[in-house]
Structure formats: C-alpha cells, structure tokens
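Number of protein chains: 2
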Amino acid sequence: MDLGWLRRRFGDRFVEDGAVAALYVRDASFMEFSRSAIGVVFPEEEEEVVELVRWAVENRTPLFPQGCATSLSGNAAATAPGLVVSFERMAKVEVDPVDGVAVVGPGVKLEELNLALARYGLFFPVDPGSVKSATVGGAIANGAGGMRGAKYGTMKDWVLGLRVVTGRGDVLRLGCRTYKCRNGYDLVRLFVGSEGTLGLITEATLKLAPVPESAAAVLAYYRDVETLVEDVVRVRASRVWPLFAEFLDAPTSALVGLEEKNALFIGVDVNAGAEEKVINKLRGLLRGEVALEAAGWEASMRLLEPRRRLFYGQIKAAGGGVLVIEDVAVPISKLPDAVRGLKAAAARHGVPLLLGGHVGDGNIHPATWYRREEGPARVENFIRDMAELVAKLGGTISAEHGIGVLKRELAKAELGEAALSYMRELKRLFDPYNVLNPGKVLPG
Amino acid sequence: MDLGWLRRRFGDRFVEDGAVAALYVRDASFMEFSRSAIGVVFPEEEEEVVELVRWAVENRTPLFPQGCATSLSGNAAATAPGLVVSFERMAKVEVDPVDGVAVVGPGVKLEELNLALARYGLFFPVDPGSVKSATVGGAIANGAGGMRGAKYGTMKDWVLGLRVVTGRGDVLRLGCRTYKCRNGYDLVRLFVGSEGTLGLITEATLKLAPVPESAAAVLAYYRDVETLVEDVVRVRASRVWPLFAEFLDAPTSALVGLEEKNALFIGVDVNAGAEEKVINKLRGLLRGEVALEAAGWEASMRLLEPRRRLFYGQIKAAGGGVLVIEDVAVPISKLPDAVRGLKAAAARHGVPLLLGGHVGDGNIHPATWYRREEGPARVENFIRDMAELVAKLGGTISAEHGIGVLKRELAKAELGEAALSYMRELKRLFDPYNVLNPGKVLPG
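Those protein sequence lines, which keep their order, are chains E and H.
Quick note: the first sequence uses the numbering used here, first residue 1, plus one each step.
Quick note: the second sequence uses the numbering used here, first residue 1001, plus one each step.
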C-alpha cells in the first residue's frame, strides 16, 4: 500500500496517528464493528476525492466515507483495514431563497444549514435525532428521517441533485436544480440511502421548505402505550395529518426528565390564528391526559425537546450493557398490533424493552440491551421475532437508520433474492473493485 | 414470431385487428414516431405480464407498454414492429385512509383514483394536464408532474412501493407500504420516470395527501409575460409559497376563452378563515390586474379550469401544423431570463411561439409548430437555442414530459457522457434483450 502518495497529496490532512484514527473508525452504534484504520484523510475538493478513489482501486484498499458518524447500524464504521475519508472540510453552503434551493458540501451539518436558512424564513425539514451533529452527506447516504417524517418524509424527498464520485472514479452530475426533473433515469434516489457503497457525495442540491406560519402542539400522558398508539390512529382517522406525532414510553420519559408516564407529543402546522382550533380538536380526540399545550412554531418545536433526548435515555437505561436500537416501521393502522407484538416478544425472550419513536409515520425504535458477559443470544431471538412480526404487519425492519452491518441479514429476508441480486449487480456496476464502504448494506 | 401462444393465452384479450392496433401505436405527440404493431394485448394478472416478457425475449419482439398514451415525446409510441401491452384492465384500487396509502393497478386513471379517495377527504396530488385520462402506471413511468408541482412535486415524490417485471422476467417488490423505508438500495425511484424501459409496473403503492382545509386564489392579467414571471419571483421572495402558479400567454388565453391577455393563476392552501389575508397579500404583491378571486379549495381549483385547456389552445393555434410542445424548467429566479430568451430565439428563427405552463416550479411549455410541407428545420434550430439557453440558466430540457424519442439528443447533451454510460449499463442490467420499450430515453 502506497502511503507516500497520501502523505504528499494531503500533507497534514492525512492523519496517521492511531489515537486520532481510533476516534474515526466507529459510528454511534454499540456493537463492535470497527477495525483499526490506516488513517483519516480530509479532502477539500472533488478532484481530491476522485484521486482518493483511484488510489483505493490501485491499492485495493477500502475507503470508509464519513460525515459525523452518528449512524446506528455500523453504516459509517471502518470494518476492515482501510482509510477513513472524512468530509468535514467540504462544507460550503449556497442558498437561493427564491428558488427554494441550497447547494451544499457533504460536510455541512444539518444544524449549520438551518442556521444559514433561518434569515430567509426557510428550513431544511428532515430532522433526525442526531440533527445537531449529523452532516448533509451522512444524512443523504443514510436516507435519514426523523421527527417530522409524518409531514415532510425523509432525505429521499429533499435531494434534487447530487455530484458523486463512483468506485470507478467517475464524476456523475445527477438530477437538477429545479423541482421538476426528468432527464434520463433518476439516479439521485439510488444514491440516497446507499450508505456510501455506490459513490461518494461531493455536492448536494437540496430542496428547502418555508417555515410554516404557525403550529400547535400538545403533550399527552397515557397509562399504556397501546392506548397511546390507538389515539394516533384515531387522529389520522379524524383527518388530522400531524406535522409530528412522537412518543416515549414511561421508563424513557422518566429518564429524560418527564413524568414516568407514556408521553405522546403531537403537533400540526397551521396558519396563524388557527392554533386554538387545532388544540381543541386534539383535546377532543386524545384520551390521554393533556399536560402541555403549545401555540406557535417555536413553541411547538420546544415542546418536542424532551423527545429529542430518547437516545440519551436509552443509553442510561442500558447501563454498561450493549445497547441495540432497532428501527421498524409499520403502516399507521398497525401500530397497536406492533406495540402488543413487540412487548410479547420481549417478554417471551426475557429481554428489556424500551419503546419510543415517530408514531406519526409508523416508525418505532424498540431498544434492548445485553450484558457483554451474557452475550447477544436472547436479544437476537427477540430481533428475529420482531422482524417476523413487522413482516406480518406489512412493515419494514429498516425505516431510517439503514442497513449498515447490523441489518444485512434482516434486509435479506425482507428484500427477497430477486431484488437482492439486482442490488448486487448495481454495486458491481458502480463499485466493481468494492472499495467504497465494503461490507455494508448487502448481505454476504 | 409465435403468435399462436398469444392467441391461446390471451384469447380475445389479444387483438390483432390492424384498425384497433393503429389506435394504440401512437401517443399524444404529433410527430410520426409510430410503426404498425402486430397487435395489442391486455393482461389482467402479473403472471401474464411475466409470461409476456418471456415470450418477448424468446421471440426477440419488443413490448410497448401503455396506459392511456397521453405522453408528448413519443414515450408510449410503438416505434418498431412489436406488441403493444395495454394495462387498461389492471385497474384495482385499495385505499387505506388511516395509513394514507393506496395500492393500485397500473391501469387506474388518476381521475378514478381521486374519485375513490374523495370520500375520505384524501387526494392524490400529482395533477398533470392529462389528469382525466392519464393512468397511474403511465404517470409513474413518465414521472408526471403538473399543476400542483410547486407544492406537491411530481410522481417521484408519491410512490412508496412498486411491483415490476424486469426485462429478464423477474418480479421485483420494491420499496415499502410505510412512508419511511430504508431496505437496501432505493430502486423505486429508478423506475419512476424510466418510461417502461427497465421494467413493467404491475402494482403501485402510493402516498396520499389530505385535501387542504381551504385555499385562496386569484387570476391576474398582465400586459407582458416578462412582468408576469417577475411577479412570480416577487411572490416567492415575499415568502409566499404557492400551491400553484400557472400561466397562459395572451394568444393562448384567447384560445381557451379568457380575455386576450397574459394570465397568471396563483393559489395558496390555507386553514379555513385565512383566505382573505392571502388574497390581500397577493393583491398587494401582484402588479397585474386581478380579474378573479376564489376562496375555498373547490373554488380555487375551479379558477384553474381555463388553464387546463392549454393543450387544446395549442392544438387550435397550430392549425393543421405539426405541433411541438417543449417542456423546460429553470430555477424560479431565472424565469424572466427564460421568457426573454425564448422569445428572442423564436424571433431569430421565425417560428411561432406560445408560452404557458407551471411557473410556480419554473416549468414552461414553449409550443411551436411547422407546416408539414416546409419541414422542421427552423423549429429544430429554435429548439437547439432553447436547450442552450436552459443549460445556461441552470435548468433542464425535460421537466415532466420525459425523454421518449423526441428528447434523446437533448438529454445526451444535458446528462453528459459519464452519466449516460451508467444509464446504458442500467438498461442492460434490467433489460438485457432490449425488449422493453426500445428506442426510448437513451440516445442511440
């Protein structure tokens, strides 16, 4: 392996120090996926990314692209001896408020983008739990979702165009700067959620949204999670389409500083003046105890703050155990069946279970854990039952966290052999030497 | 070619009558793309579609899939001696209003779908000019857009899942029934807009939207198109994000029954009670003469009705000439430059020019025509300049009509050789025998 070229080309932007590299080989998951890397490189220009790919092909050395590595399935972990490519320094932001478009580097944090947009009354609506540290490039690569998915969908709905470098070192300009775009096959969406396995993103053209004029939200407490999710179904059946509908189960609520009750956070965007009407409608529909109300966009977003601490609650609950955060979605009407089934499976296998997530779009994050000394067997059995349940309910085992290393076998069952074989051929087409984030997404 | 199997398998659902076939070989474009077909077949089940593909491969006979053939670029035309596959009879509709999802056959018309949804207060927001006859399968294959693209985007934003039969006869289940979905590579969006060249759609799972509580709209007349599109820019710069912003130039307005003035139709969705405020805001922003106002969803949609007659206006204007309807999009801020440039190009080449379209998302449909006896040379020169102009403004030569036969050379210049070569390999992967709608999308 020719490290000399890396040293000459990148100077102090190629870091070989093992202690630094050790910070970059992991993502936010708790399983041990990582190996030691030969170093971390920080490109600043697309041309450098092209040269890195060519170097990787010549040296048959894997590249592990990274934003801020907040993924939870090993997506961004360096799982083989290779080079971590950090996009931290490719962080330009160009906003056109009339066009409703931002052209950004992959290393821009979602939070930074939103700060740049605030002066125009615009925002980027995709709002994953990791929004304060997640980068645009990472969010695209992982097809991130989050808190406002009920109204705004996920990354796949907000990327208009991309520049990517494939595993053959080709630069592809994909998509358009306009909202409508029909120039050939739509390869943009093939790259969204491909976890850096088909190409490295060097620039993204994002669609923006106007900040809604206002919103109204309530926090309601429930005795049991079943009634809580039944109420989400009632809200939808009553033709209220929330901006967000989020929840925490009672133990998690306590861990993030709320009362130890199952908490439903539900908000709707409205025109100024319509807040009261929505709050009254929600009070009429919800059987839980409404503990807080918010009128206005900022107030509604603030009401959601405790929900944002779900991840910290899960970490606390797991103690020193190995935390496994799952990420299923079911059709909204099936949420009650999903909650009942998940609880039964956890009881059957004797594993701890915390529930929380984005019920407004049917997305639940069951969290469980095991002590290292006892091993993962019971958790694995629980996950097998979970996957079976979700399939039966017409859902998916991967809503927004992606496949990474963790979900490859589950994905295999869900996708079926036919779709998988085409996906394998796509990987060969875009990355024939398997240098881009190898070992992710596709099962072995 | 073994027609015996077709006759046995499909009985009277295989129509060989040349007069009937002649009705199916064309789409709505005016150029002469079509050849005579060996017949039309009407499958009712996915398994029949699989068998048709296998038959096509064995007999090296192209299949030309069709909804209602309302495409405008030859997308659905039978351009070689082959078999037209009409999806008219695969027209199931299953709605789940709580999940906000419909599972439909490809042959369902968008209008029929919306009729089925009305009772739930839901609708399918993609609204192409051909909405009364266009089918879901055709709209997906063509990545249709339309009147409400400013707010709701295009088909690519509303397809959650697909079942497709590839050119290798494989059935692929793609995507999910849930709004969030990250199970492997996103092949759904690769098929949206692929014009039947990668696979035949046998079922689609669509995302639905709640009918907005209310809307407000105005029709304003302008002396010149330049001021009209400048006002669209002003509206966006004033942080009003319209549901629709549509226009007709003065000659087209007259042809569809309005005053002979440039007409801007602009609407915003709101909560009930906020209509007046929006209308006043629009009155304050627009420099045109506000001739009509509408408050309420239905009233706002009715206000748009004359705009829906653009196509008929264009046909009338062209007289017996060969009508060429183009389909460009530019960033919204560039609309004034686009209008000025298009007019200059038409004057330069001495071709007639009508303007109309979806200015709310930057999408203009320049229409021109030529008499058969004079030939297309001047129109071709105009189109060459149009493409150059659009590229310079950061736009695209194909916003929503697709590539078909007509735009293949224009697409080539816009996409560049690198992206095109990957697209060719994708075509080989999904349709190695080139039996699915050959001669479309990709340039020769």
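Idealized CB from N, CA, C, for every residue including glycine.
Which same chain residues, not among the five before or five after residue 391 of chain E, have their C-beta less than 6 Å away from its C-beta? Here residue 391 of chain E corresponds to residue number 391 of the first sequence, with the count starting at 1. Excluding positions up to five away in sequence, the list is empty.
Using alpha carbons as the reference points, say which of H:1353, H:1106, H:1299 lies closest to residue 1383 of chain H. As a first step, residue 1383 of chain H must be located in the second sequence, where it is residue number 383. Closest in alpha carbon position to residue 1383 of chain H, among H:1353, H:1106, H:1299, is H:1353.
Between residue 37 of chain E and residue 49 of chain E, which are expected to be in contact by the criterion C-beta below 8 Å, what is the C-beta distance as a whole number of angstroms? Here the question's residue 37 of chain E lines up with position 37 in the first sequence. Here the question's residue 49 of chain E lines up with position 49 in the first sequence. Actually they are not in contact, since the Cβ atoms of residue 37 of chain E and residue 49 of chain E sit about 17 Å apart, beyond 8 Å.
Residues bridged to residue 163 of chain E by DSSP? Residue mapping note: residue 163 of chain E aligns to position 163 of the first sequence, counting from 1. According to DSSP, which records beta bridges pairwise, residue 163 of chain E is partnered with E:173, E:203.
Contact criterion: CB-CB distance below 7 Å. Does residue 1072 of chain H meet it with respect to chain E? For the purposes of this step, residue 1072 of chain H is identified with residue 72 of the second sequence, where counting begins at 1. It does not; no Cβ of chain E falls within 7 Å.
Determine, using beta carbons only, whether residue 336 of chain E and residue 246 of chain E come nearer to each other than 7 Å. For the purposes of this step, residue 336 of chain E is taken as the residue at position 336 of the first sequence. For the purposes of this step, residue 246 of chain E is taken as the residue at position 246 of the first sequence. Not closer than 7 Å, so no.
Where do the N-terminal and C-terminal ends of the beta strand (DSSP E) with residue 86 of chain E fall, by residue? As a position in the first sequence, residue 86 of chain E is number 86, starting the count at 1. Here the beta strand (DSSP E) through residue 86 of chain E covers 83-86.
Reduced DSSP category for residue 358 of chain E - H, G, I as helix; E, B as strand; rest coil: Sequence index remark: in the first sequence, residue 358 of chain E carries index 358 (1-based). The answer is strand: DSSP assigns residue 358 of chain E an E or B state.
What three-state label does DSSP hand residue 1332 of chain H in the structure shown? Here residue 1332 of chain H corresponds to residue number 332 of the second sequence, with the count starting at 1. DSSP places residue 1332 of chain H in helix when its eight states are reduced to three.
DSSP on residue 369 of chain E, reduced to helix/strand/coil? Position 369 of the first sequence, counted from the first residue, corresponds to residue 369 of chain E. In this structure, residue 369 of chain E counts as strand in the three-state DSSP scheme.
Contact set for residue 1275 of chain H: own chain, Cβ-Cβ below 8 Å, skip 5 residues either direction: Here residue 1275 of chain H refers to the residue found at position 275 when the second sequence is read from its first residue. Within the same chain, and ignoring the five residues on either side of residue 1275 of chain H in sequence, the residues whose Cβ sits closer than 8 Å to its Cβ are 1214, 1215, 1216, 1295, 1296.
Give the DSSP-derived three-state secondary structure of residue 1376 of chain H in the structure shown. Reading the second sequence from its first residue, position 376 is the one you call residue 1376 of chain H. Three-state DSSP puts residue 1376 of chain H in coil, outside helix and strand.
Looking only at DSSP bridge pairs, what is residue 136 of chain E linked to? Counted from its first residue, the first sequence places residue 136 of chain E at position 136. BP columns for residue 136 of chain E are empty, so no partner.
Along the beta strand (DSSP E) that carries residue 96 of chain E, what are the first and last residues, could you check? Locating residue 96 of chain E in the first sequence gives position 96, counting from the first residue. Here the beta strand (DSSP E) through residue 96 of chain E covers 93-96.
Taking C-beta pairs closer than 9 Å, name the residues in chain H that residue 140 of chain E reaches, listed in chain order. Within the first sequence, numbered from 1, the residue matching residue 140 of chain E stands at position 140. In chain order: nothing, as chain H lies at least about 11 Å away.
DSSP state of residue 1279 of chain H mapped onto helix, strand, coil: To locate residue 1279 of chain H, count along the second sequence from 1; it is residue 279. In the three-state DSSP reduction, residue 1279 of chain H falls in the helix class (H, G or I).
Paired residues, beta bridge with residue 221 of chain E - DSSP: Residue 221 of chain E sits at position 221 when you count from the first residue of the first sequence. Paired residue(s): E:263, E:289.
Reference residue 1138 of chain H; option with closest CA among H:1431, H:1224, H:1347, H:1126: Walking along the second sequence from the start, residue 1138 of chain H turns up at place 138. Among H:1431, H:1224, H:1347, H:1126, the Cα nearest to that of residue 1138 of chain H is on H:1126.
Nearest by alpha-carbon distance to residue 148 of chain E: which of E:182, E:315, E:403, E:241 is it? Counting from one through the first sequence, the residue named residue 148 of chain E turns up at place 148. It is E:241 whose Cα lies nearest to the Cα of residue 148 of chain E.
Which bits of chain H does residue 401 of chain E rub up against, with CB to CB less than 9 Å? By one-based count along the first sequence, residue 401 of chain E stands at place 401. Simply 1182.
Straight-line gap, residue 1355 of chain H to residue 1249 of chain H (C-alpha atoms, nearest Å): Numbered from 1 along the second sequence, position 355 holds the residue referred to as residue 1355 of chain H. Numbered from 1 along the second sequence, position 249 holds the residue referred to as residue 1249 of chain H. Between residue 1355 of chain H and residue 1249 of chain H, the C-alpha separation is close to 5 Å.
Count the other CB atoms, across all protein chains shown, that sit within 10 Å of the CB of residue 132 of chain E; report buried if there are 16 or more and exposed otherwise. Taking the first sequence and counting its residues from 1, one reaches residue 132 of chain E at position 132. With a 10 Å radius around the Cβ and a threshold of 16 neighbouring Cβ atoms, residue 132 of chain E comes out exposed.
Collapsed DSSP secondary structure at residue 27 of chain E in the structure displayed: If you number the first sequence from 1, residue 27 of chain E lands on position 27. Note: residue 27 of chain E maps to coil in three-state DSSP.
With three or more C-beta pairs closer than 8 Å as the rule, is the segment 1052-1072 of chain H touching the segment 1172-1190 of chain H? Look at the beta carbons and you see the segment 1172-1190 of chain H not touching the segment 1052-1072 of chain H: under three pairs across the two are nearer than 8 Å.
Consult DSSP for residue 1269 of chain H and reduce its assignment to one of helix, strand or coil. Within the second sequence, numbered from 1, the residue matching residue 1269 of chain H stands at position 269. Three-state result, residue 1269 of chain H: strand.
Assuming residue 197 of chain E and residue 440 of chain E form a contact by the criterion Cβ under 8 Å, report the distance between their Cβ atoms to the nearest whole angstrom. Sequence index remark: in the first sequence, residue 197 of chain E carries index 197 (1-based). Sequence index remark: in the first sequence, residue 440 of chain E carries index 440 (1-based). Contact between residue 197 of chain E and residue 440 of chain E holds: CB atoms are separated by about 5 Å, below the 8 Å threshold.
Taking one C-beta from the segment 321-332 of chain E and one from the segment 249-269 of chain E each time, how about it: are there three or more such pairs within less than 8 Å? They do not touch, by the three-pair rule.
Which runs of the alpha helix (DSSP H), 4 residues or longer, sit entirely within the segment 7-70 of chain E? Listed in chain order, the complete alpha helix (DSSP H) runs (minimum 4 residues) inside the segment 7-70 of chain E are 18-24, 46-58.
Starting from the beta carbon of residue 281 of chain E, find every residue of chain H whose beta carbon is closer than 8 Å, and list them in chain order. If you number the first sequence from 1, residue 281 of chain E lands on position 281. Within 8 Å Cβ-Cβ: nothing; residue 281 of chain E doesn't reach chain H, min ~11 Å.
Checking contacts by CB at 7 Å: is residue 212 of chain E closer than that to chain H? Residue mapping note: residue 212 of chain E aligns to position 212 of the first sequence, counting from 1. For residue 212 of chain E, the answer is no, since every Cβ of chain H falls outside 7 Å of its Cβ.
Report the rounded CA-to-CA distance for residue 1283 of chain H versus residue 1357 of chain H, giving the unit in angstroms. For the purposes of this step, residue 1283 of chain H is taken as the residue at position 283 of the second sequence. For the purposes of this step, residue 1357 of chain H is taken as the residue at position 357 of the second sequence. Put simply, the backbone Cα of residue 1283 of chain H is about 21 Å away from that of residue 1357 of chain H.
Mind the definition here: the segment 1186-1197 of chain H touches the segment 1148-1157 of chain H only if three or more C-beta pairs lie below 8 Å; say whether that holds. Here the segment 1186-1197 of chain H lies against the segment 1148-1157 of chain H, with 3 or more beta-carbon pairs under 8 Å apart.
Inter-residue spacing [alpha-carbon to alpha-carbon] between residue 1237 of chain H and residue 1169 of chain H: The sequence position of residue 1237 of chain H within the second sequence is 237, counting from 1. The sequence position of residue 1169 of chain H within the second sequence is 169, counting from 1. Taking the straight line from one Cα to the other gives about 50 Å.
To the nearest angstrom, how far is the alpha carbon of residue 162 of chain E from that of residue 315 of chain E? Locating residue 162 of chain E in the first sequence gives position 162, counting from the first residue. Locating residue 315 of chain E in the first sequence gives position 315, counting from the first residue. For residue 162 of chain E and residue 315 of chain E, the distance between alpha carbons rounds to 35 Å.
Would you report the Cα separation of residue 310 of chain E and residue 345 of chain E, rounded to the nearest angstrom? Residue numbering aside, residue 310 of chain E sits at position 310 when the first sequence is read from its first letter. Residue numbering aside, residue 345 of chain E sits at position 345 when the first sequence is read from its first letter. Between the C-alpha atoms of residue 310 of chain E and residue 345 of chain E there is a straight-line separation of about 22 Å.
C-beta atoms of residue 1064 of chain H and residue 1041 of chain H nearer than 7 Å: Position 64 of the second sequence holds residue 1064 of chain H. Position 41 of the second sequence holds residue 1041 of chain H. The beta carbons of residue 1064 of chain H and residue 1041 of chain H sit no closer together than 7 Å.
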